[in-house]
Amino acid sequence: MIGTSSAKIACDDYVGGMNVTALMRRTTSFNKDRICTIAGGVELSFAEQWERGCRLANALIDTGLRPGDRIGVLEDNSVEAADLFLGAALANLVRVPLYPRNARASHAHMLSHTACRSVVASSVHAPELDDMVEEVASLEQIIVRDDDYEDWLLRYPPTDPMLAVNPDDVYIIRHTGGTTGLSKGVAYSHRQWLAAGRDWFYAFPPVEPGDRCLHVGPISHGSGYFYVPMFLSGGCNVLLDHFDPVETLDVMEREQIAYMFAVPTMLNALVRDPTATGRDWSRLKVLQVAAAPIADDTALLARDIFGPVLYQLYGQTEVLPVVGMGPNQWFAELEGSQPLRAAGLPLPFAEAKILDPDTHEELPVGSEGEIAARCDGQMVGFWGDDAATAARMHDGMVLTGDIGKIDVNGYLYVVDRKDDMIISGGYNIWPAELENVLTDHPAVIEAAVFGVPSEQWGETPCAVTTVDGTTPVTAEELIKMCADRLGSYKKPGTVVITTEPLPKSPVGKILRKDLREPYWLGHERRVAGN
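No gaps in the numbering here: position 366 of the sequence shown is 423 in the working numbering, and each next residue is one more.
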């Protein structure tokens, strides 16, 4: 079972070996006057950001938190979010990001099963945590960042607490979906987080001190993997708290953004905005696309607008990065391959294999099977869940649950999902969690949820429900019920109501694929992008 930190108080600047905190400390010492953070109209130098991080670390320690304690955080991108990136690391606390688009029940689960002692919330999201201390046994306090936050910070010293950090101490616990509907915690040590950032940036053009990285997606998600590598390279992290295509394009041009992470839905909106063309993109080095499949026309249009700066990456919270490719590989014409339809090529420090889903034997080139992956940044295991860890591991590799193939040139293609997971707008949605909500309605006898193509989101959940035919119910009612219970982004785009039984296998398992198939006619893959 995943353990906790073993850090101790120390006085040596670099005690504990290679870790995020020590490397951030070193970077700050050499870049004090460079701009470190831009958010909400505020610019902070490395020295100023470091001071705020130290004050926050001392404040959190004063509340009784100790190295290895888990601390939840519910926030949007902001200066305060940057404070916590540093403050938690300096106090050797384990960050547990909560996702603002999730429902309250998801927040409670993430806090509870990681035994968080504290949670920090922005004033906007704090109401979502009302009475959570009574609901989560381990939770002792909710720290709300309200109008008094700045005064609160100033009450604590700007001195570095100088806690020892071991490279194998847990740095962060990120959550992923599960087939049961309950998200699982994926713990990263300092060593693994640094390895993931190294591998992610390995094939990119080098980051130069002063380069700027735009975070328009939440740093609690994929964009957060860019934060530490940019900081450690003397770069500047530019944080936006929401996505608007025109505003994002304006910031990209005005701030001369060099690096940026975008899910396909964001990129789709950017390239189809009429103001995208004719701007100055000369400083843009990397526009990283990940978290969901991308449509061919979106990729080609983005290349035409932004130039040869598009990079694609494939991985999961449990194991990443695994494969990737830059513009030369992505848009190449190569006999035996279709790079435009691929997820990428194996990265230098990663391994990908195609296994028989049942026997786990490696399959020959060109065969379809389950993608298994291994890299230095992969999970040790699911937090507190040895059984789930064992089910997802084989011979040191993570079983992704994705069905794919590798061609003669090494390109990896994702063609389906073993566990029927839906990726909508870059977010993972598991059918079971929606089905559980739908069958709670007194009219619904059984339900099946699956992903169908969506022009806006790549995929969106579709639900087919069998009802008793006597209890009143509408599709709109069921959609609202899902939104209220799970969060709006997880609600079905369509609900089909029928009195006919759903198709089942001989052992009584609902055949989701049979229901899904008609919606995918004319599509080469049973996953979609935009």
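All residues carry an ideal CB built from backbone N, CA and C; glycine is no exception.
Note that this is a predicted model, so its numbers are computed, not measured.
- Item | Helix, strand or coil at Ser290 [DSSP, three-state] | coil
- Item | alpha helix (DSSP H) runs contained entirely in the segment 387 to 465, provided each spans 4 or more residues | 443 to 449
- Pull up the DSSP beta-bridge partners for Lys561, would you. Ile567
- Locate the alpha helix (DSSP H) running through Pro321, then write down its first and last residues. Pro321 to Val328
- Spatial distance of Ser135 from Val465 (CA atoms): 45 Å
- Using the beta-carbon count (16 or more within 10 Å), is Arg83 buried or exposed? exposed
- Report, in whole angstroms, the separation of the C-beta atoms of Tyr470 and Ala356, which I expect to be a contact under 8 Å. At roughly 15 Å, the Cβ-Cβ gap does not stay under 8 Å, so Tyr470 and Ala356 are not in contact.
- Message: Just to confirm my understanding: we take Glu492, look at its own chain, exclude 5 residues before and 5 after, and list those with CB closer than 6 Å. What are they?
- Response: Ala504 and Val506
- Task: Have a look at Glu392 and Gly383 and give me their C-alpha separation to the nearest angstrom.
- Result: 18 Å
- Query: Near Gly458, which residues of its chain fall below 6 Å by C-beta distance, leaving aside the five closest residues on each side in sequence?
  - Reply: Lys475 and Asp476
- Message: Excluding the 5 residues flanking Glu100 on each side, which residues of the same chain have their C-beta closer than 8 Å to its C-beta?
- Response: Ile92 and Thr94
- Give the range of the alpha helix (DSSP H) segment to which Tyr206 is assigned. Tyr206 to Leu211
- Item | Limits of the unbroken beta strand (DSSP E) element including Asn485 | Tyr484 to Ile486
- Task: With a 10 Å radius around its C-beta and 16 neighbouring C-beta atoms as the bar for buried, classify Phe87 as buried or exposed.
- Result: exposed
- Query: Applying the criterion that 16 or more other CB atoms from any shown protein chain within 10 Å of the CB defines a buried residue, is Lys561 buried or exposed?
  - Reply: exposed
- Please confirm whether Gly267 and Cys293 have their CB atoms less than 8 Å apart. yes
- Message: Tell me the residue span of the alpha helix (DSSP H) that contains Gly364.
- Response: Counting along the chain, Gly364 falls outside any alpha helix (DSSP H), and DSSP gives it neither H nor E.
- Item | Element boundaries [beta strand (DSSP E), containing Phe87] | Run containing Phe87: none in the beta strand (DSSP E); it sits in the alpha helix (DSSP H), Val77 to Phe87.
- Taking C-beta to C-beta, are Met81 and Phe388 nearer than 8 Å? no
- Query: Which residues in the same chain have their Cβ closer than 7 Å to the Cβ of Thr237, if we skip the five residues on either side of it in sequence?
  - Reply: Since pLDDT at Thr237 reaches only 45, below the 50 mark, its modelled position is unreliable, and the value read off the structure follows with that caveat. Here the set comprises Ala489.
- Tell me, which residues are paired with Pro589 by DSSP? The question about residue 589 has no answer here: the residues shown for the chain are numbered 58 through 587.
- Looking at the structure shown, is His272 part of a helix, part of a strand, or coil, going by DSSP? strand
- Is DSSP giving Asp70 helix, strand or coil here? Its pLDDT being 42, under 50, Asp70 is placed unreliably by the model, and nothing is read from it.
- Query: Beta-carbon separation of Leu404 and Gly381 under 8 Å?
  - Reply: yes
- Cα-Cα, which of Tyr316, Ala315 and Thr305 is closest to Asn325? Thr305
- Message: Looking only at its chain, what residues have a beta carbon closer than 7 Å to the beta carbon of Ala244, apart from the 5 residues adjacent to it on each side?
- Response: Ile59, Val227, Ile230, Met436, Val437 and Trp440
- Message: Taking contact to mean 3 or more Cβ pairs, one atom from each stretch, closer than 8 Å, check whether the segment 166 to 179 and the segment 126 to 140 are in contact.
- Response: yes
- Query: From this set, Ala165, Leu370 and Phe363, which residue's C-alpha is nearest Gln345's C-alpha?
  - Reply: Leu370
- Message: Tell me the rounded alpha-carbon separation between Trp338 and Ser290.
- Response: 22 Å
- Message: With the cut-off set at 8 Å, would you say Leu456 and Ala429 are in Cβ contact?
- Response: yes
- Item | Collapsed DSSP secondary structure at Arg573 in the structure displayed | helix
- Message: Let's see if you can read the secondary structure: which residues bound the beta strand (DSSP E) around Gly242?
- Response: Lys241 to Ser246
- Which residues mark the beginning and the end of the beta strand (DSSP E) in which Ala165 is found? Here Ala165 belongs to no beta strand (DSSP E); instead the alpha helix (DSSP H) covers Arg161 to His170.
- I think Leu147 touches Pro224, with their Cβ atoms under 8 Å apart; what is that distance to the nearest whole Å? Not a contact, Cβ separation roughly 16 Å.
- Task: Might you give, ordered along the chain, the residues of its own chain that have their beta carbon closer than 7 Å to the beta carbon of Asp525, omitting 5 neighbours on each side?
- Result: Ala500 and Ile502
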